[in-house]
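Peer 1: In my numbering, the protein residues as written are 407 to 572. Beta carbons: idealized from backbone N, C-alpha and C, even for Gly. Just dropping this structure here.
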């Protein structure tokens, strides 16, 4: 397993998460509904809006798992902080970054992952991801566009939430 390094803008990222209250346990009905819709649209059991905190991955909204956080060290979404485009891992067991990951080896036995970055104020805070218990043969351009579009909807929601807080 290869842990994602911390980005250069880590202090600004963490400040943005705190300043906008994105790490609070409160649910957002829009984000909850979006993860359910995304999971159904991609025909996967799990979808999440994930924010990467200092030492943990926090799920602001999640469908298909009963957890609200995992360790940052085993977070797939932490790798998205480094990519301008969605990160797609068709078979986690065949990718050296993830093959030894506890979330692959043990429950929930992640075999497929795709995550699109979520930005606010020019900084990547986390991702909107889809996860499956089985590997996928492909993830085509139309699916990538659809995932990016859903991540854009999350970004618009964050802008709305920030405006209300101001």
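(1) Taking its Cβ as the centre, do 16 or more other Cβ atoms sit within 10 Å of residue 523, making it buried, or is it exposed?
(2) Please report the straight-line C-alpha distance between residue 450 and residue 425, rounded to a whole angstrom.
(3) Could you tell me if residue 463 is buried or exposed, where buried requires 16 or more neighbouring beta carbons within 10 angstroms of its beta carbon?
(4) Going by alpha carbons, who is nearest to residue 537 out of 553, 531, 548, 528?
(5) Exposed or buried, residue 515, counting other C-beta atoms within 10 Å across all chains shown (16 or more means buried)?
(6) Kindly indicate which three-state DSSP category residue 444 falls into: helix, strand or coil?
(7) Find out if the Cβ-Cβ distance for the pair residue 456, residue 445 is shorter than 8 Å.
(8) What residue range is occupied by the uninterrupted beta strand (DSSP E) comprising residue 534?
(9) Would you mind reading off the limits of the beta strand (DSSP E) that contains residue 506?
(10) With DSSP as the reference, label residue 515 as helix, strand or coil.
(11) Compute the beta-carbon to beta-carbon distance between residue 428 and residue 560, rounded to the nearest angstrom, for a pair I have assumed lies under 8 Å.
(12) For residue 537 and chain B, any beta-carbon pair shorter than 8 Å?
(13) Throw me the rounded Cβ distance for the residue 532 and residue 483 pair, which I believe falls under 8 Å.
(14) Judging by CA-CA distance, which residue of 480, 556, 442 is the nearest neighbour of residue 504?
Peer 2: Per the coordinate set shown:
(1) buried
(2) 33 Å
(3) buried
(4) 553
(5) exposed
(6) helix
(7) Not in contact: residue 456 and residue 445 (Cβ atoms no closer than 8 Å).
(8) 529 to 538
(9) Boundaries cannot be given for residue 506, as no beta strand (DSSP E) includes it and DSSP labels it neither H nor E.
(10) coil
(11) Their Cβ separation, rounded to whole angstroms, is 11 Å, which puts residue 428 and residue 560 out of contact at 8 Å.
(12) No chain B is part of this structure, which consists of one protein chain only.
(13) 6 Å
(14) 480
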